[in-house]
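Working notes, beginning with the structure itself.
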Amino acid sequence: MKLVVAVVRPEKANEVLEALFRADVQGLTISRVQGHGGETEQVETYRGTTVKMELHEKVRFEIGVSDHFVEPAVRVILAAARTGDVGDGKVFVLPVEKIYRIRTGEEDKAAVTPVQVAAAGRG
Amino acid sequence: MDTPVIVPADVAFMLVAAALVLLMTPALAFFYGGLVRSKNALNTMMMSVAALGFVGVAWALFGYSLAFSEGSPVVGDLSKAFLAGVGLEAQGTIPQILFMAYQGTFAIITAALISGAIVERMRFFPYLVFITLWSLVVYAPIAHWVWGGGFLAKLGALDFAGGTVVHVNAATAALVAALVIGQRKDYARQAILPHNVPFVLLGAGLLWFGWFGFNAGSALAANAVASLAFVNTMLAPAATLVVWTLVDLLRSRKATAVGAATGIVVGLVAITPAAGFVSPMAALVLGAVAALPSYCALVFRARTGLDDSLDVVAAHGVGGSVGALLTGVLASKAWNGTVDGLLYGNPGQLAIQAVGVVATIAYSATASYLLLKLINLVLPLKAATKEEGLGLDVSQHGEEAYADDEGAILILQRPDASASQTARTLTAATAEGGRS
Numbered sequence: 030m031k032l033v034v035a036v037v038r039p040e041k042a043n044e045v046l047e048a049l050f051r052a053d054v055q056g057l058t059i060s061r062v063q064g065h066g067g068e069t070e071q072v073e074t075y076r077g078t079t080v081k082m083e084l085h086e087k088v089r090f091e092i093g094v095s096d097h098f099v100e101p102a103v104r105v106i107l108a109a110a111r112t113g114d115v116g117d118g119k120v121f122v123l124p125v126e127k128i129y130r131i132r133t134g135e136e137d138k139a140a141v142t143p144v145q146v147a148a149a150g151r152g
Numbered sequence: 003m004d005t006p007v008i009v010p011a012d013v014a015f016m017l018v019a020a021a022l023v024l025l026m027t028p029a030l031a032f033f034y035g036g037l038v039r040s041k042n043a044l045n046t047m048m049m050s051v052a053a054l055g056f057v058g059v060a061w062a063l064f065g066y067s068l069a070f071s072e073g074s075p076v077v078g079d080l081s082k083a084f085l086a087g088v089g090l091e092a093q094g095t096i097p098q099i100l101f102m103a104y105q106g107t108f109a110i111i112t113a114a115l116i117s118g119a120i121v122e123r124m125r126f127f128p129y130l131v132f133i134t135l136w137s138l139v140v141y142a143p144i145a146h147w148v149w150g151g152g153f154l155a156k157l158g159a160l161d162f163a164g165g166t167v168v169h170v171n172a173a174t175a176a177l178v179a180a181l182v183i184g185q186r187k188d189y190a191r192q193a194i195l196p197h198n199v200p201f202v203l204l205g206a207g208l209l210w211f212g213w214f215g216f217n218a219g220s221a222l223a224a225n226a227v228a229s230l231a232f233v234n235t236m237l238a239p240a241a242t243l244v245v246w247t248l249v250d251l252l253r254s255r256k257a258t259a260v261g262a263a264t265g266i267v268v269g270l271v272a273i274t275p276a277a278g279f280v281s282p283m284a285a286l287v288l289g290a291v292a293a294l295p296s297y298c299a300l301v302f303r304a305r306t307g308l309d310d311s312l313d314v315v316a317a318h319g320v321g322g323s324v325g326a327l328l329t330g331v332l333a334s335k336a337w338n339g340t341v342d343g344l345l346y347g348n349p350g351q352l353a354i355q356a357v358g359v360v361a362t363i364a365y366s367a368t369a370s371y372l373l374l375k376l377i378n379l380v381l382p383l384k385a386a387t388k389e390e391g392l393g394l395d396v397s398q399h400g401e402e403a404y405a406d407d408e409g410a411i412l413i414l415q416r417p418d419a420s421a422s423q424t425a426r427t428l429t430a431a432t433a434e435g436g437r438s
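For the protein sequence lines, the chains are A and B, in the order given.
According to the working numbering, the first sequence is numbered sequentially starting from 30.
According to the working numbering, the second sequence is numbered sequentially starting from 3.
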């Protein structure tokens, strides 16, 4: 089991979401975050005040997946979130110790296998 | 007309009416601004706000002269350019400068209306060039045709407050601009949602308020016709709002707020050419009938590749044309004292109205197309895909509508600090932040 954490451009978030759904990755959490990578600075001016925005809006995806889903999930994120410019974001893959599904108390792989997929006998 | 005399009551009324019409442009900024995504809110609102300046100045320098000087049946001349000879003397019963200012507020809102079709993707500087030139090359001649003694006036076309001059004209230019500039990169690929529906309602409310100046003021005097236009401006949008809401309920069992705002605007557009010519009951009918073509056009447009982003064509083009034609049907001499429509035994009026609409569409489409293509040779009209992704607020204006001060680092610009020192501070800040 792994936790895939991807930090992507907000304008790419919908494309990533769509690509993940197409790749059958269905359970995920997203949050709006701010961060700093190496992107070129963005200067804004309000009346006489000029500021440089050091933090950029990003969207963070957190996806708990069973091992064989890691590679396809990462691949579609890379493809969907890429513009080729600095600031496209990062993907982290972290080991996960335990997973519980709150509704049923299922653990680990069963807990991250979507219900309908399990019903179809693919899980 | 014999010796024109200035009537104080008319002056007082027209001063207020002009201010009301001017308010419609910031109102439009809210209406349009609420309908776009938050990253483009300022850009969209600025497209209306900028018209107050750029078109306003162009109007005083050349536009008024091109629209309201003698000239030919097609366009005025430059005899009143730079407001030459436009002074305190009476024009009708008000001073000519007041007439000039009142008409200027119309030119401003008409140009601003176009922006609805090209929001979220047009670069700002070419937009400024476009609306400024458009107000002179397209708006002024068409205003001359109808109100400046041009050929449509001589033909007897009825356009009380600008159904064709303002709305059909702006919508035609909007359609052409949407086609020339092309779709937004996300159009029909992602859901694009209005970021602030309360803004849309605020805008619609302020537009209605300002529209009383637009329609009643078009009587150019504080008289009975102005009262008729005022009442019709209240009743027609009310009827449109009712029908629009009922259709919403029938289709999806939900009365939408964006739909209500749209219904109000469509009703206002439709009654504009008819305001001073039809009875109040006819205005109710006109408003109710006008809801359907625009509603259908809106639903249909969303299924096509035409990215007329805020539906200028469905609301102003279809609404304005329907209003102009229905004026030819419902006009009643008993109320306006000048001419009857089809319903009162004068079918010829409907044909004249149709000529007005077709002539406006033909000229506005051709001239707007050429103007956009010419500007595009020098200044690319469309923002780069990257700029569109980032949002036009940041890429065109260097501001955000909803800025977050977290992570904003002040760039000090002390007069004594040398340029290189500022640069060093910046590099240090970047290096520090970049190490994470």
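The C-beta atom is built at its ideal place from N, Cα and C for all residues, glycine as well.
Quantities reported herein were computed from a predicted structural model and do not represent experimental measurements.
The DSSP assignment places 71-75, 78-82, 85-94, 118-124 as complete runs of the beta strand (DSSP E) inside the segment 66-136 of chain A, in order along the chain (cut-off: 3 residues). Comparing alpha-carbon positions, the option among Val72(A), Gly93(A), His97(A), Met82(A) lying closest to glutamine 55(A) turns out to be Gly93(A). When the beta-carbon positions are compared, alanine 272(B) and phenylalanine 15(B) stay at least 7 angstroms from each other. Comparing C-alpha distances from threonine 264(B) to each of Ala276(B), Thr387(B), Leu243(B), Ser281(B) shows the shortest one belongs to Leu243(B). In terms of CA proximity to valine 9(B), Gly94(B) leads the group Gly94(B), Gly73(B), Gly289(B).
In the DSSP assignment, valine 324(B) falls within the alpha helix (DSSP H) that extends over 321-332. DSSP lists no beta-bridge partner residue for valine 245(B). Per the coordinates, the alpha-carbon of methionine 47(B) lies some 19 angstroms from the alpha-carbon of alanine 21(B).
When the five nearest sequence neighbours on each side are left out, the beta carbons in the same chain lying within less than 8 angstroms of the beta carbon of phenylalanine 108(B) are those of Val23, Ala145, Gly164, Val167, Val168, Phe216, in order along the chain. Nearest to leucine 332(B) by C-alpha distance, out of Gly307(B), Asn378(B), Met283(B), is Met283(B). Residues of the segment 65-90 of chain A that bring their beta carbon within less than 9 angstroms of a beta carbon in chain B comprise His65, Gly66, Gly67, Glu70, Gln71, Val72, Glu73, Thr74, Tyr75, Gly77, Thr78, Thr79, Val80, Lys81, Met82, Glu83, Leu84, His85, Glu86, in sequence order. Aspartate 114(A) reaches chain B at Lys388, counting residues in chain order whose Cβ is nearer than 8 angstroms. Cα atoms of isoleucine 194(B) and alanine 304(B): separation of roughly 12 angstroms, rounded to the nearest angstrom. Shown here for serine 220(B): same chain residues with a beta carbon closer than 6 angstroms to its own, the five before and five after excluded, namely Phe162, Ala163 in chain order. Counting only residues of its own chain and dropping the five nearest sequence neighbours on each side, valine 105(A) has a CB closer than 8 angstroms to the CB of Val45, Ala48, Leu49, Arg51, Ala52, Val54.
For alanine 35(A), the enclosing beta strand (DSSP E) starts and ends at 31-37.
In the pairwise beta carbon analysis, the segment 80-96 of chain A is classified as touching the segment 65-72 of chain A: at least three pairs are separated by under 8 angstroms.
Here alanine 293(B) is not near threonine 235(B), since their CB atoms are 7 angstroms or more apart. Linking valine 260(B) to lysine 41(A) through their CA atoms gives a straight-line distance of about 27 angstroms. In this structure, methionine 124(B) keeps its C-beta atom at 7 angstroms or more from the C-beta atom of leucine 381(B). Not flagged as an interface residue toward chain A: isoleucine 194(B), since no C-beta distance is shorter than 7 angstroms. Membership of isoleucine 59(A) in the beta strand (DSSP E) is indicated by the continuous run 58-64. In the displayed model, leucine 414(B) falls within coil according to three-state DSSP, outside both helix and strand.
Judged by DSSP secondary structure, leucine 204(B) falls within the alpha helix (DSSP H) whose first and last residues are 199-218.
Within chain A, the C-beta atoms nearer than 8 angstroms to that of glutamate 408(B) come from Gln63, Leu84, in chain order.
Under DSSP, isoleucine 96(B) forms a beta bridge with Gln93(B). If you draw a straight line from the Cα of alanine 53(B) to the Cα of valine 170(B), it comes to about 19 angstroms. Taking C-beta atoms as the reference points, phenylalanine 32(B) and glycine 150(B) fail to come closer than 7 angstroms.
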